[in-house]
Structures are given as C-alpha cells and as structure tokens.
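>
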Amino acid sequence: MLKQKLKKEHLGLLFDKLKVTHGVLGPKVENGVVTLAEIDAHDIPSGYEDHQQPGGYRLIKGERPEIFSFSIGPDSFKRFLQPPLREVFAFRRAAGISITRPGAEQRPLAFIDMRPCDLSALKLYDRIFLRGPVRDPYYDSLRRDSLVFVLNCLYPNDNCFCPSMGTGPEATDGFDVALTELSDSFLLEAGTAKGETVLAGLPAGEVDDSDMREKGARIELCRKRIKKFIRAGELPGLIYRNVEHPRWAEIAERDLECGNCTQLCPTCFCNSTYDALGLSGISKKSYQVSGRRMRKWDSCFSKNFARVHGGNFRPSRRARYRQWMSHKLAYTMEQFGLPGCVGCGRCITWCPAGIDITKELEALKSAR
Amino acid sequence: MKRPWIGVFKFTSCDGCQLSVLNMEDELPDFVSLFQVAYFREAGDMPLRGRFDIALVEGSVSTGWQKAQIIEVRERTRHLVTIGACAAAGGLQALRNWADIEDYKRLVYPSPDMIETLPCSTPVSDHVYVDYELWGCPVNCDELSEMLGSFLLDRKPGIPAYSLCMECKRKGVPCLLVAKSEPCLGPVTRAGCGVLCPSMERPCYGCFGPKEGANIGSLLEAFRNAGFSSHECVLLLDKMNTYAFREAGTGEGRF
Amino acid sequence: MHDKSIPFEAAIKWIKKETRDTATYALKVKSRDIQKGYRFIPGQFNMLYVPGIGEAPVSISSAPSDQDLMHTVRVAGDVTTALSHLKAGDVIGMRGPFGRGWPFEETGGLDILIVAGGLGIAPLRSVVRHILRTKKMAGAHSRRMLFYGAKTPKDIIFRNEFPRYREVFEVLLTVDRADPEERWRGETGLVTKLFDRAALDSLRTIAFVCGPEVMMQTSVRELILRGVPEERIFLSLERNMNCGVGLCGHCFFGPKFVCRDGPVFRFSEIEGLMGIKEL
Amino acid sequence: MKRVFSIGYLSRVEGEAGITAEILDGKAVVRARVFEAPRFFEAFLRGRHFSDVADFTARICGICPVAYQMSSVHAMESIFGVEVEEPIRQLRRLLYCGEWIESHSLHIYMLQGPDFYGCESAWSDRQYLPLARRGLSFKKLGNQIMTILGGRPIHPVSVKAGGFFKIPDKKTLSGLLPDIERAYEQTLEAVSWAASLPFNDNDWDWECLSLRGPNEYPMNYGNVSSNKGAEKPMADFLEDVREYQVAYSTALHAEIKTEGPRPYLVGPVARLNLNHDLLPPEIKAAIRQCGIRLPMTNTHMGIIARSIELAYAFHEAVRIIKTYEMPGRPSACFEPRAGQAVWITEAPRGMLIHHYEIDGEGLVKRCAIIPPTSQNLGHMEKDLNHFMQMHMGEPANVLRKECEKIIRSYDPCISCSVH
Ligand SMILES: Cc1cc2nc3c(=O)[nH]c(=O)nc-3n(C[C@H](O)[C@H](O)[C@H](O)COP(=O)(O)OP(=O)(O)OC[C@H]3O[C@@H](n4cnc5c(N)ncnc54)[C@H](O)[C@@H]3O)c2cc1C
Ligand code: SF4
Ligand code: SF4
Ligand code: SF4
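Chains as they are written, first to last, in my numbering: chain G, 66 to 433; chain R, 817 to 1071; chain F, 7 to 285; chain U, 1137 to 1555.
1. Counting only beta-carbon atoms, is R:Tyr925 nearer than 8 Å to chain U?
2. Are the C-beta atoms of F:Gly58 and some chain R residue less than 8 Å apart?
3. Taking the alpha helix (DSSP H) that R:Cys1009 belongs to, which residues open and close that run?
4. Just the chain U side, please: which residues come within less than 7 Å of R:Gly860 by C-beta, in chain order?
5. What does the Cβ neighbour count give for R:Phe1071, buried or exposed, with the cut at 16 atoms within 10 Å?
6. Could you tell me if the beta carbon of R:Gly1022 falls within a distance shorter than 7 Å of some heavy atom in ligand 4?
7. Between which two residues does the alpha helix (DSSP H) carrying F:Ile40 extend?
8. Look at F:Gly95 and F:Phe14 and say whether their C-beta atoms are less than 8 Å apart.
9. Between the Cα of R:His943 and those of R:Ser961, R:Ala903, R:Cys830, spot the shortest distance and give me the residue it belongs to.
10. Using 7 Å as the cut-off, classify the Cβ of G:Val407 as near or not near the heavy atoms of ligand 2, replying yes or no.
11. Does G:Gly281 pass the burial test, meaning 16 or more other C-beta atoms within 10 Å, or should it be called exposed?
12. Would the region 321–334 of chain G and the region 261–274 of chain G be scored as touching if the rule is three or more Cβ pairs under 8 Å?
13. Taking only heavy atoms of ligand 6 into account, decide whether any of them is closer than 7 Å to the Cβ of G:Phe240.
14. Mind listing the chain F neighbours of G:His374? Cutoff is C-beta to C-beta under 7 Å, in chain order.
15. Answer yes or no: the CB of F:Leu152 versus the heavy atoms of ligand 4, is any distance below 7 Å?
16. Using a threshold of 7 Å, is the CB atom of R:Cys902 nearer than that to any non-hydrogen atom of ligand 3?
17. Quick one: does F:Asp161 have its CB under 8 Å from some CB of chain G?
18. Are the beta-carbon atoms belonging to U:Ser1346 and U:Glu1482 less than 8 Å from one another?
19. If we cut at 8 Å on Cβ distances, does R:Ala977 have a partner in chain G?
20. If distances are taken between C-alpha atoms only, which option among F:Ala205, F:Ile12, F:Glu173, F:Lys199 comes closest to F:Thr224?
21. Check whether the Cβ atoms of F:Leu89 and F:Ala32 sit closer than 8 Å, and answer yes or no.
22. Between the region 174–187 of chain G and the region 90–110 of chain G, do at least 3 Cβ pairs fall closer than 8 Å?
23. Kindly indicate if chain R contains any beta-carbon less than 8 Å away from that of U:Asn1279.
24. Report all residues from its chain with a CB closer than 8 Å to the CB of U:Glu1391; omit the five preceding and five following residues, and keep chain order.
25. Between R:Leu864 and R:Ile822, is the Cβ-Cβ spacing less than 8 Å?
26. With DSSP as the reference, label F:Thr87 as helix, strand or coil.
27. Output, in chain order, the set of chain F residues within a Cβ distance shorter than 9 Å of G:Glu399.
28. By how many angstroms is the C-alpha of U:Gly1287 removed from the C-alpha of G:Arg172?
29. Would you mind telling me which residues of chain R sit closer than 8 Å to G:Leu329, beta carbon to beta carbon, in chain order?
30. Counting only beta-carbon separations shorter than 8 Å, does G:Lys73 have a partner in chain R?
31. Is DSSP giving R:Arg1070 helix, strand or coil here?
32. Rounded to the nearest angstrom, what separates U:Gly1438 and G:Gly343 at their Cα positions?
33. Kindly indicate the opening and closing residues of the alpha helix (DSSP H) around U:Ser1553.
34. Against chain R, with Cβ distances strictly below 8 Å, would F:Thr87 count as a contact?
35. Does F:Trp108 come out as helix, strand or coil in the three-state DSSP assignment?
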C-alpha cells in the first residue's frame, strides 16, 4: 500500500482536502481538556502535555516538539458514530400508526487522530452494530462514509495500558490511513483504497528505510513509557473464577455509580430507547399521540437498567460494578470475539473516585 | 378522554416551581386544554372544592397549619406529585433543621413570639403518601411536561434517577472534578437540569437532590483528597436539598 | 429486508380474556409483504409497541401453523396496561420475531416433557399447539408430557384448551393453593411435585421449561436429580429488554444476550451462571 | 356600626396572603394578613461563604431571582472593592431586562390583566386568550434572555461576585435580536392598550422612592430618590428606614423613620415617576401619544407603568445586544476581605435592599434583606384604607373585588416579603 511523507507545515493541506467532503474531527482544547471536535489544523493543541492519574487530569503547555504532543482526552469516536442522544423515528398514533425516520442529513466524518486503542474499539463497534443478527442502520450509514486516520502514539499518559490489550501504541490494520509523527514530517501509510485516494494529490515525500526505522524507534520509545499493565492472558478466567470475591463489595464502597466510566469508555455501548413526548403531542382523544422515539447512552450503573416486573436483577452497587468490569474484561470476548477493554485508561482518569480497573483486577488475584 | 382535574398547591417555597408551570409557555395552551385547572392560586381565582385527579404540590411543610393542609390536599387527591426541592427535601429553609429555631426567630423578627413555625422544614413525603416526586430547584419544564403527559397516558414518567454525570458526559462537558479538582456534586446529584452548571464551568451544587443510591461518603472522600475540609464538605451538601443529602449520606437526618 | 429496528403495524383481530390480568391478543400484520415473509418458531418473541408508551417483549403463544398470530400478555407495567385498554381493531406496532426458540429438531425419538409455571405456559403453548397441529411431529416422540403449575385454579391460563392437549399429552396440573369452593381435583403444591407422578425415563427425556426464575431453578434441579442430561434441558429466560436484537445491553445474563442467544437456553450452556446472584 | 369582611386567600399574586377590613364608625382599617411561612434566610446565611449568597438569596423568590442575585453580588463587590468591566455591567443589565420582561409580562397579562375583563384566570375566558397569548410570547423572550445568560430563567446559575461564571459570545446573543425587536414593536403598541384600561379615581398625597439615574433608567446603580425630598446615596439609605413587625403578618413592614414615620411606595410607578426623563425618545413619544401624564398620580396605574417598562426592557435588550463585545474574561479576580455594605437594585417590584457584613474569611457575619413588597405593604394598606373610606357604602362583594384588584395592581410578591 501507498506510503508517503508529508511535511509538518503541509498538515493544513490535508485538512483542506478533507474538509471539502468531510467534517474533520480532531483534538481541540476546551475548558482545560483535550476534546474532540470539528477543527482546523491550527486548532490542534500542539505542545500541550496531558498529565493523567486515577481521578485526575491536567493539561499544561510543555516542551515536547511534536504537534501531537498529547494523548487521548475523554472523548472518542463513539460520540459521533453512535451519538449520546438521537431520534430513532417520529411516531403518530391515530387510527393507525405512522412512523417517520429522520433524514440522513449528516456530512461524512473524518477522524484525524484516532489512536490505536480507539481504533480497536471501533473494530468492536463494527462487530456489534454491523455484524450482529441485526445491523444498526444509523451506525451503518455513518460508518460506511467515514474516514479513519489512525495516529500512532508517541506519548502515552500514565493510565494507558494498550500493550497489555494488544491494541497499541501502533495500529496494524483497520484504518484508512496511519499517521506517524516523525521529527520533520508525518509518515502516511494508506491502509485502504479509500485512504490511498485521500493521499493522492498531497505534496508527497519519498519514504525510505531510515524513516521506517525512525517510526519503529519512536513507537518503541512510546511503548517503554507505558507504566500500567494487566495480564490479559489470565482473562477471562480470572473474572469468572472470582464472581464472589470480597473485593467487589469493597469497590462498591468507593464506587460513586456516577457512570462516567461507561459514558467515556470507547467500547461501552449500552443504551436505552424510549418515547419522548410533551403535552403538545397528546390530543384530547385518548388514542391520538405523537412524539419521538429517542435513543440515548445508558449505563449498567443506572439503577433501573436491569429492572423487570417483580424486581431488579442487579439491585446492589456491588453487582452493578461487577457487571461492568466483567463485561469489559470477560463477557465481550465471548460475545464478539474481541476484548471489551482496549487499554485506553479513560475509565481510570475520569473516575472521580479514582477507581483503577487495573488495580482492581490485580486485587481479584489476591487470596480472598 | 375526560379532562382530569388538576390542582396546584403552595406550601413553604419561593413560588418558582409553580412559575415553571407557567413557564412551559409553548405548552400552556395544551396544558389548559388537556387538564381542568381547578385550583391554581397564583394563576387564577378559584375556590378550593371537589377532588383532584392530580395535585402538584410546591413547598415544604414548616408550620402547624400546613401539616393539616397537606393532609387535606392528600385526601382530595388521587395522584399527588410534589414539584421541587422544597417539597421533595424541605428546601433551603431546611437548614433550620440543624439549628435552634428560637435563635433563628430572634435573628429575624423583633417580636419572635408572634411567629408560629415548626422547628423543622420537612418534605411532603414526611407527612403524606406521595405518588411521584419531581426534583429540582426549580423543576425542569421538560420534566414537568413529561410527567404531566405520562400521567395522561398512564405510564411511568421517563425521568432518570441516575447521576448528573451521565448527562454531563452525554453533553461532552469536560469533568470539573477530575480536570480542575472543583467540588462538583454531579456524581451524587440526580440528572435533570440539563447540566447547567458544569456547562457554565462551575461545579454542580445539587439542585436535583441525591440520585438514587448516591454514595455521598465516597464523593466527600474525593473532595477531601482535593483539599476540602470536612466542614467545607458538609457546607457543600447543605444547600437546597440539605435534608435529602444528609439523609442519603448517613441514612439519617444528621451526620 | 424489513429494518428490524422499526416497528411495523399490526392490527388486533380479537382479544380473549384468559384470567383476571391476562389476555390473549390475536394480531394481524397489516403489510402484506411483511406478513408473507414473517416466519417464526415456537419460543421466539416479538416486541410489541404502543406508541407513546413503549415496547415490551412478548412470546408468541400460537403455533406457526395457527391461523392467528397470538400473544398472551399479563398486565405488569406501562405497555402491558396500555395493551389491556385496547380493543379489537386497534393497531399497535410490532417488531420480530426475535431470539432462539425451542429446539424441535432435537426432540425426535425422545420423550418430550414440558414444564410450565404461571404465564410461562405462553411460549410453550406454541410448542404444544405445534405438536397438536402437525401430525408428523405427533408421531415423532415416544411420550409427551405437560406439567403445569399455577397459583390458584383461577390463574390457569388456556384452561379450556387442556382437554385437547390431553389427546396427545399426558397433562398434569397443580396449583399452589385452591379454595374449597373451587372444587379443585388436581394436585396442590409446586410443579416439581409432579415429577414423582410421571415416572420419567430420564435418559430418553428432553425437557422444555418456562416459568418464574425460582420455579425454573427447582425444576432443573429435580430433572438433574432424576438423571435427565443437562444438554437436554431447555429454559426460556426473562430479562429486561429494550432493543430485542443485541444492541442495547439491557438483557445481559453474564455474557449472554437473552434476546439474541436466548431466550431459550440449553441448561448446560448457562449452568455456571444460574447460581450466581445478581448476575 | 361595625362591618368586617375578609378575603381568605388572595389569588393571582405570588405567595400567600389575605385581607381583613374593618369599618367602625365610618372609619376603615384594612390589613394585609400575610401568612406565608417564614424561611429565615437572614439567619441561615450567617456563617455561609459569600459565594453562596447569590444562589441562596435567589431562592427567596422564583419570580425575581435575578434581583436577589444582583443586589447581593453588587453588595459583595462593594465590600471587596471589586471593579467590574463595562461589558459585564451591560450583561448584568441585560439579564435584569430578561427578568423585568418575564415578571412584567406575567403580571400584566396573566395576573392583573384578567381583572379588567372580569375573568377568573388568563385562560378561563376565550375572549381574553389573545391577550394571554401575547403575554406568553413576551414572557418567553424574557425567559430566553435569562436562559442564554444564566442557564435557566428561574434561579440562573451563572451569576457570581465579580461577574459571571461564563458569558455568551456575540453570535449567541444576536440570535435573539429579530424576535426581541419584533416584540419591542408590539410592546410599544401595548402601551396604548394599557393606557385605555379603566381605573378608579385615586388621587392622594403619597410618597414614592426609587433609584435614580445617573444617566440611565435605574437597575443596578443610582441614588435613592424620592418625589418628596433629595437624593441620597444608597449606602446611607438604611439610616432612614425602619423595619417593624405587625401581629397579623409574617412579613416585616418598612417605613421611613425620619421626619415622622410614614409608608412609601416603590416599584414601576415610583421608578417611572422619578426617571421618565431618562427613557428613550421613542418611548417618550408613545407615552405622549397615549395621553399618559407623568408623573402618575394614581397608584393603581401600575399596569401602565409596567407596560412602559416592558417596552423599555425590550428596547434596552436590543441596545445591549447590538453594542455587546465579548470581554476577555467573564469575571474580575479579587480576594475577599472584611467589611460591610448596603446595595440596592431595582427588582421588577421596586427597590431590593441588601445589607451584608462579611468577616475576614469571606463568611457572612450579619445580613438584612428588605424586599420591595415589605416596603410596599404599609403603603398598600394605606391605599386600601383610602379607597374604603371613599366607597364604604358599597356591598361587601364589590369591595372585596375592588380591594383584590388594588392589591394586584401592586404586583405584590408575598414570598419575597417573607423570607
Ligand atoms: C423473552 C421474553 C418473553 C416474554 N413473554 C411474555 C409473554 O408472553 N407474556 C407476558 O405477559 N409477558 C412476557 N414477558 C414479560 C414482559 O416483557 C414484561 O412483563 C413487560 O416487558 C412489561 O412491560 P411493561 O411496559 O408493561 O412494564 P414496565 O412498565 O416496563 O414495568 C415492568 C416492571 O418493572 C418495574 N419498573 C420498570 N421500570 C421501573 C422504574 N424506572 N422504576 C421503578 N420500577 C420500574 C415496574 O414497576 C414493573 O413491575 C416476556 C419477557 C421476555 C424477556
Ligand atoms: S474499560 Fe477503561 S481502559 Fe478499557 S477501554 Fe474502557 S475506558 Fe478504556
Ligand atoms: S463535571 Fe461534575 S457532573 Fe460533570 S462529570 Fe464531572 S463530576 Fe460529574
Ligand atoms: S448542575 Fe447542579 S447546581 Fe447546577 S443547575 Fe444543575 S443540578 Fe443545579
């Protein structure tokens, strides 16, 4: 596949080209945090460093010479491909039922710095929403037209553990184009024909062996900087063997059940669909109602998530936390053949109580 | 469909929640055509008579005569819904519950003996059975409309009992607690306001009361780690929903 | 193909009240095209939709060969209450059929034992009627048994159909309790009590079980005690369901999607999960 | 001969109050019984951090929370010596316009309006509906202004000492312009509608107070001025006022104590009478066209004053949005320090007086809050007495109705008065 280099000062040209056809999503600083938004090349917060720890995040202007000098923020592709709240259809019930689906008015999306961990999550999303018994038409249409630029990582944060999950810091497949930031330029490697088309027409530099060596060395350096790891080889057995471990109850004491982890985890996909209506949708004739059927992100931490007639299947916080972690680290593999955790560390950073999934996993190993 | 009779009642409060009914401007015409507004002092001159299919009750119970009145409202009402933090949790005025009421009277009134009031301001549910509580200081108009619509259609209102953080993350607001160590009550506060404060870059101060199963102890631990004293932590909870937050924190009214 | 995330219209043909809180609804899919392509197997369910209220998963209680597509629903909450206010001619939304049904293909040459508790009879009625209606199937089993337990005689669903079932099945009924004036002549006690009455040939038995979770657990225990192989015990589980097609996460039972991998499970597949509390 | 009658529970006013009237030997005594339950704000504010005060005092009133936030943050800034940038001042004024619009249109169209048409409520009569709808459309815009600036119209969340937590950019604000401009035209027309309403004669010698200028119609700044005397800086005004308690009311009353205790009027009529020269020419012209004579002599004509102020608030909102440039930061930086201050702003119902004493830690040591309705209660009773005196002979049900109307013309906010 096509490989070429792009001078750093030409990054804007890539944006210009993409913007003609796509909404270009990339990193931007908002409120002291790197978030994902439609951006221009100059919005990239180059030179910023993010310092992450369990329950903590700080962005500072640092010394790193790279443009992509920071790691991941809270947001991921899922906000865009499977939005937090969307209309499934509008309904009207009178003598019969009429259903109107919203028009697909959205521009195709280009993700400009999807990281390897998130790319793995995207692969999982594809399995869930495209390869299951029923395909999600909304996701399908957006995903089909989107362009994925994976950015191989140079600077992990202290909560990253992608090597443990086999998802990073380098992406090997599943992208349209892979970017690696070298000292003087970007190395662009097309992964699909779609990717090649995008590269065509950009001012291209030859790629030689030394570039490939530099890429290797940089990624290797990144790998060395990663501090956290889990023994993924022990999964899912470790979880299955320890469903009644006393640790679950201990975590429940700290667990806020705020749901931040599930909302930000790039693989969490739980959602709820409901009929939204206001008074204006109700007519005086009791059988006439109109409204919108909405789908929103939900979470296994919501107390009523597993509620049925006669009770709640997971009434305790302990059970809900266990459900979450088991789903991430054990069930997803069984359900979709891919790990449910990609090692991005978001759930660790953005947990206000600082609960660290890797530490909790370690604790499950200790004697009961 | 028979138009259900609705009554709007006020106890100790700021009137903001009943004003929210009038603030549903776009839906007000539907409201008055779908419901028979049979009692709503703030909006109309109607005698109190008959029975109500649904009553919206604003305000906390803080005087002796209110104790009797809320029982009367309950007896007249099929489906009693409280609106707002005062009715659900006693309101800001429940701060008196942790102080001496006689001191309070003296501080405000030249002749404190002329003032009749109870030592505590309490939620409606401490006095009568409540069918549904709509939280918020003030309630959110969309939730109000959802609740009224659900009543008409005989279904449970689609109003979440989970945390504000859920809404906050859906909205894509960067977390203030994690990124700025600001004492945000989001993790223990019920969703519903539409993430007003974090969107304004200020920490949530808990208008919508404790979410179901709020883990107050753990959040305060996080605040202490961020450098807040225990006293400051208590003051953070001691706002419009002080009574409910303290109860959620310890399972009882007092720490 | 019809998009399975969008409900289609189904008209209520008739409603039959079964018990105090349960009724059977015969539905007719309005679109010819969808109706033509609509195939299900017993044990599968549909999502029934009352716009403005919501959706509920409901098993199909008729056989594929039945003329009418039936659902037997008990009032439990919003949607089921709204359904109970409807009348023949009204239109609701429907999606389906979803899930894995009962494995008929495995029953050949075996003794088929159906164990139902309460409303759990609904998806199993589909099986019973299917056997009743397809002559070929009727000869396929060496023995057919139907054990059914209800709370009181008044709660027995499809009571008037049991005489017909008896033509092909050995039917044993039990109730938790019966008032004297009801002149109940069957058993009283739990369904599991019936296992002693039937002298199962355990190695030749294949069991389909559906009912409240506790009832299923004790039934399975009894069956295993009597030597019925775990691979031949099938259960239909109930969980909260939102999408019905494996995209929402509400129905997880451990790693299983009840909507997609079930609702009918082979006991040996879920044995490890059954005993875990709050899974 | 003694006649006694009462109104148990006033409707179409905020909060809970009734009236008792006694006519004994040709002399009338009317009392406004306020039985709203006290909440003890001044007590529980003690010991709280100054940063809680704006959010707490907002809860005194759901109809005019912005007023409480404005009086309290200005008081704090005065204590801490904080200078606020001009764009922030303007945004605060805009926020206040939102509240005036909301509160005035609620009062004009939903609360008092029905009185002139003999309806029980704004929607009980088909004939009144167009007016109700017009009122709602104005009110909605007021709410929208407050929502953009404060997140929500009731108890907005963006206000703090020093400025705002977050401020909107010009584009967001400008989005409102077309609707506000249209509404302004309509409110201007509505002034003549208000002027055409029938009023009882009610000319007597009364005193009214409001903030005055210096060069703009008063909201957050000004001196206290009176139709009877000289102007006074707001910091000194409390020296002239006394709050006292009456047995039949949980609301304190306020009166001027210097030179013989006497009640006074605050609110739109007072404001207009003392500041009409500061109105923009277009509004002045409209006033002239409708034959409204200023200063007003009839205290019951509040609905006209409110209609004029409603138009003004829209006019002002347009001006502020058009000239707005987003400042670099939403709020000034400062350190709290010990001190005390009085601040008065013009709530929709009149002067709202806040007095705070803060300690070195930034905690409230003492505070006093005097809402406009507490100040008006005494005047209202005097006004009712005056009316009774003249109409004593009428049947009780007529008097009852008329008394209620008079009270409504004050737009009293009982919840505020008892806090
Ligand atoms: C595969 C499958 C097959 C089924 N087949 C049948 C069948 O054939 N016949 C049949 O009758 N049923 C069947 N069910 C059960 C049926 O789906 C439920 O009874 C139905 O979903 C209830 O829906 P509802 O909207 O009426 O109740 P809901 O309103 O959803 O309420 C259900 C229960 O949950 C409680 N609840 C829900 N949400 C909340 C909340 N937020 N707060 C508090 N409590 C809450 C309610 O109080 C109530 O007890 C089946 C279920 C499954 C999964
Ligand atoms: S479980 Fe945590 S670390 Fe793993 S993918 Fe999700 S957010 Fe990232
Ligand atoms: S800002 Fe507050 S509400 Fe939002 S995620 Fe953080 S803690 Fe939760
Ligand atoms: S974020 Fe919290 S404090 Fe702010 S409005 Fe919402 S509930 Fe109230």
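Glycine is no exception: its CB is placed at the ideal position from the N, C-alpha and C atoms.
Small disclaimer: the values here were computed from a predicted structure and weren't measured.
Quick look at the numbers:
1. Chain U contact via Cβ: present.
2. Yes - at least one Cβ of chain R is within 8 Å of the one on F:Gly58.
3. Premise fails: R:Cys1009 is in no alpha helix (DSSP H) and is neither H nor E.
4. Counting only Cβ-Cβ distances below 7 Å, R:Gly860 has contacts in chain U at Ser1147, Arg1148, Glu1256, Ser1257, Ser1260, in chain order.
5. Confidence at R:Phe1071 is low in this model, with a pLDDT of 37, below 50, so its placement is unreliable and the value that follows should be read with caution. The Cβ neighbour count for R:Phe1071, taken over all protein chains shown within 10 Å, is under 16; the residue is labelled exposed.
6. At least one heavy atom of ligand 4 sits closer than 7 Å to the Cβ of R:Gly1022.
7. Per DSSP, F:Ile40 belongs to the alpha helix (DSSP H) from 38–43.
8. No.
9. Considering only alpha carbons, the answer is R:Ala903.
10. Because some heavy atom of ligand 2 lies under 7 Å away, the Cβ of G:Val407 counts as near it: yes.
11. When all chains shown are included, G:Gly281 counts as exposed.
12. Cβ pair count under 8 Å is below three, so no.
13. Ligands in the displayed structure: ligand 1, ligand 2, ligand 3 and ligand 4; ligand 6 is not one of them.
14. Ordered by position in chain F, the residues that pass the 7 Å Cβ test against G:His374 are Ala82, Gly83.
15. Ligand 4 has no heavy atom closer than 7 Å to the beta-carbon of F:Leu152.
16. Flag unset: Cβ of R:Cys902 not near ligand 3.
17. No, no contact with chain G.
18. With respect to U:Glu1482, U:Ser1346 sits close: the two C-beta atoms are nearer than 8 Å.
19. At least one CB of chain G lies nearer than 8 Å to the CB of R:Ala977.
20. Taking only the C-alpha atoms, the option nearest F:Thr224 is F:Lys199.
21. Contact: no.
22. Flag = yes, the region 174–187 of chain G and the region 90–110 of chain G touch.
23. So yes, U:Asn1279 belongs to the interface.
24. Val1377, Arg1378, Tyr1380, Pro1397, Arg1398, Pro1399, Tyr1400, Gly1514, listed in sequence order.
25. R:Leu864 is not a Cβ neighbour of R:Ile822, given a cutoff of 8 Å.
26. If DSSP states are grouped into helix, strand and coil, F:Thr87 belongs with the helices.
27. Result: Gly260, Pro261, Lys262.
28. Cα-Cα distance, rounded: 30 Å.
29. Listed by position along chain R, the residues whose Cβ is nearer than 8 Å to that of G:Leu329 are Lys985.
30. Using a CB distance cut-off of 8 Å, G:Lys73 does not count as an interface residue toward chain R.
31. Model confidence at R:Arg1070 stands at a pLDDT of 39, short of 50, so the residue's coordinates are unreliable and nothing is read from them.
32. Computed Cα separation, rounded: 36 Å.
33. Here the alpha helix (DSSP H) through U:Ser1553 covers 1550–1553.
34. So, interface residue.
35. Here F:Trp108 sits in coil by DSSP.
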